[in-house]
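Q: In the numbering used here, the protein residues as written are 535 to 919. Just so you know, even glycine gets a beta-carbon here, dropped at the ideal spot from N, CA and C. I'd like to ask you about the structure that follows.
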Ligand SMILES: Cc1ncc(COP(=O)(O)O)c(C=O)c1O
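Encoded structure:
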């Protein structure tokens with residue numbers, strides 16, 4: 535048999551496996567409530583759909599510059615001024631095929647194989663797989679109740695003294711926990727990285743989806759931090775595969791050269807859609823209210839049942855402690871799907887060691903589904919309380 539590379543030997547994304555089982559049940563005629571994948575269920579606003587339809591009729595839609603359309607970069611620069619009150623030169627933006635491509639480009643541009651990167655546990659599963667595929671060594675920062683599930687800079691300093699990592703990759707709000715860094719904590723992290731020659735990658739993909747805590751961008755505190763962001767979450771353009779980076783001036787050309795060869799350019803129609811979304815942000819404000827309502831419904835249910843969950847300050851997930859059921863997460867998820875047609879993700883996806891004690895519930899859906907799911911979970915969990 536011909537050789538397979540060890541770099542490609544990454545773990546499967548279990549949420550996607552749950553999704554395909556759920557789809558199988560749907561094909562057999564069952565109605566499943568999807569709370570396993572992290573994607574908003576709302577449809578693109580009509581006004582934007584019409585604009586895109588017109589563009590398809592009239593425009594050529596060839597490649598764009600590898601770093602993206604000028605107009606989109608300029609619009610993003612305005613967005614940072616409006617939302618964060620931070621001035622960023624449009625030339626520092628790189629438009630990517632989802633934030634996923636942004637990670638690859640950043641890691642390739644900034645690190646050598648064997649370099650060490652600090653990443654959160656629990657954290658977004660693709661981080662681990664991308665780092666492994668690129669030959670980077672993972673150093674884990676474990677969120678824990680001892681630190682109120684916070685990213686504690688003192689622990690980061692201690693880990694750096696021991697492992698001398700070269701980069702930090704961090705999402706705030708974090709997937710799956712929803713925990714966030716305060717602006718002060720983010721600034722301390724940026725300063726620590728600047729003072730120790732550490733490259734900071736700040737994953738800000740869940741910005742604009744938070745519930746009362748202040749959001750800040752790493753771009754406000756450091757010119758060397760790489761900001762990774764996307765149109766997938768707040769704007770709901772998951773399948774359009776469109777995101778952006780903000781990088782230091784000296785990284786623009788190296789990343790452009792990598793992008794030219796790896797992707798040529800992000801899909802042109804998606805860049806047009808992204809521009810329309812930015813120009814019509816008011817059309818998206820309602821979704822935050824929906825998430826807030828869904829979150830309230832679920833959290834008050836879990837509180838009433840005295841069930842524990844992690845902070846859930848941002849994003850649209852609840853990372854629920856299921857240890858009291860004495861079931862491991864994979865089995866619990868299977869039962870919930872088979873018996874009650876509710877699809878959720880086992881925590882193993884986000885934390886290979888401790889994740890079997892948790893499930894992740896995505897509530898980016900219509901309220902009616904959330905209420906049905908809550909009632910079914912009530913029936914299910916009552917067996918174990
Ligand atoms: C924390 C985090 N970062 C990045 C991504 C990747 O998103 P995309 O490639 O659609 O921009 C996700 C997707 O769920 C995520 O949760």
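1) 9 Å is my cut-off, CB to CB: does residue 612 come that close to chain D?
2) Could you tell me which residues DSSP puts in a beta bridge with residue 778?
3) Run the proximity test for residue 762: is its beta-carbon closer than 8 Å to any non-hydrogen atom belonging to ligand 1?
4) Between 626, 555 and 764, which lies nearest to residue 781 when the distance is taken from Cα to Cα?
5) Measuring CB to CB, does residue 610 end up less than 9 Å from residue 642?
6) What's the call for residue 633, buried or exposed, on a 16-neighbour Cβ count within 10 Å?
7) Tell me whether residue 899, by its Cβ, gets closer than 8 Å to a heavy atom of ligand 1.
8) I'd like to check one pair, residue 552 with residue 636: are the Cβ atoms closer than 9 Å?
9) In this structure, how does DSSP classify residue 877 when only helix, strand and coil are distinguished?
10) I need the DSSP call for residue 744, collapsed to helix, strand or coil.
11) Alpha carbon to alpha carbon, what distance is there between residue 865 and residue 557?
12) Is the distance from the Cβ of residue 658 to the Cβ of residue 708 below 9 Å?
13) With distances taken Cα to Cα, identify the nearest neighbour of residue 655 among 624, 704, 824 and 608.
14) Decide if the region 832 to 839 is in contact with the region 804 to 819; the criterion is three or more beta carbon pairs, one per stretch, under 8 Å apart.
15) Just checking residue 660 against ligand 1 - is the residue's beta carbon closer than 8 Å to any of the ligand's heavy atoms?
16) Could you tell me the distance, in whole angstroms, from the CA atom of residue 586 to the CA atom of residue 660?
17) Look at the Cβ atom of residue 652, then the Cβ atom of residue 701, and state whether they are nearer than 9 Å.
18) Beta-carbon within less than 6 Å of residue 547's beta-carbon, same chain only, minus the 5 sequence neighbours each way: which residues are those?
19) Would you identify the three-state DSSP class for residue 569, choosing helix, strand or coil?
20) Is there at least one non-hydrogen atom of ligand 1 closer than 8 Å to the beta-carbon of residue 572?
21) Let me make sure I understand the geometry here. Which of 681, 747, 799 and 827 has the alpha-carbon closest to that of residue 718?
22) Buried or exposed for residue 824, please, with buried defined as at least 16 other CB atoms from any protein chain shown within 10 angstroms of its CB.
23) When the Cα of residue 644 is compared with those of 537, 861, 787 and 572, which residue comes out closest?
A: Taking the coordinates as given:
1) No chain D is part of this structure, which consists of one protein chain only.
2) The count along the chain shown starts at 1 and reaches residue 778 at position 244. 629 and 763, per the DSSP bridge assignment.
3) Translated into the one-based positions of the chain shown, residue 762 becomes position 228. It does: the Cβ of residue 762 is within 8 Å (strictly closer) of some heavy atom of ligand 1.
4) Numbered from 1 along the chain shown, position 247 holds the residue referred to as residue 781. Residue 781 has its Cα closest to that of 626, out of 626, 555 and 764.
5) Against the chain shown, residue 610 aligns to sequence position 76. Against the chain shown, residue 642 aligns to sequence position 108. Not a contact, by the Cβ cut-off of 9 Å.
6) Walking along the chain shown from the start, residue 633 turns up at place 99. That one is buried.
7) Reading the chain shown from its first residue, position 365 is the one you call residue 899. Flag unset: Cβ of residue 899 not near ligand 1.
8) By one-based count along the chain shown, residue 636 stands at place 102. By one-based count along the chain shown, residue 552 stands at place 18. No, these two residues do not count as a Cβ contact at 9 Å.
9) Here residue 877 refers to the residue found at position 343 of the chain shown. The answer is strand: DSSP assigns residue 877 an E or B state.
10) If you number the chain shown from 1, residue 744 lands on position 210. Three-state DSSP puts residue 744 in a strand.
11) Reading the chain shown from its first residue, position 23 is the one you call residue 557. Reading the chain shown from its first residue, position 331 is the one you call residue 865. The alpha-carbon atoms of residue 557 and residue 865 are separated by roughly 18 Å.
12) As a working mapping, residue 658 is identified with position 124 in the chain shown. As a working mapping, residue 708 is identified with position 174 in the chain shown. A contact, by the Cβ cut-off of 9 Å.
13) As a position in the chain shown, residue 655 is number 121, starting the count at 1. Of 624, 704, 824 and 608, the residue nearest in Cα terms is 704.
14) no
15) Within the chain shown, residue 660 is the residue found at index 126, counting from 1. Residue 660 Cβ: within cutoff of ligand 1.
16) Mapped onto the chain shown, residue 586 falls at position 52. Mapped onto the chain shown, residue 660 falls at position 126. Computed Cα separation, rounded: 30 Å.
17) For the purposes of this step, residue 652 is identified with residue 118 of the chain shown, where counting begins at 1. For the purposes of this step, residue 701 is identified with residue 167 of the chain shown, where counting begins at 1. Yes. Within cutoff.
18) The residue labelled residue 547 in the question sits at position 13 within the chain shown. Excluding positions up to five away in sequence, the list reads 659.
19) Mapped onto the chain shown, residue 569 falls at position 35. Three-state result, residue 569: coil.
20) Locating residue 572 in the chain shown gives position 38, counting from the first residue. Yes, the beta carbon of residue 572 sits closer than 8 Å to at least one heavy atom of ligand 1.
21) Within the chain shown, residue 718 is the residue found at index 184, counting from 1. Closest option to residue 718, Cα to Cα, is 747.
22) The residue labelled residue 824 in the question sits at position 290 within the chain shown. Flag for residue 824 reads buried.
23) Counted from its first residue, the chain shown places residue 644 at position 110. Answer by Cα proximity: 787.
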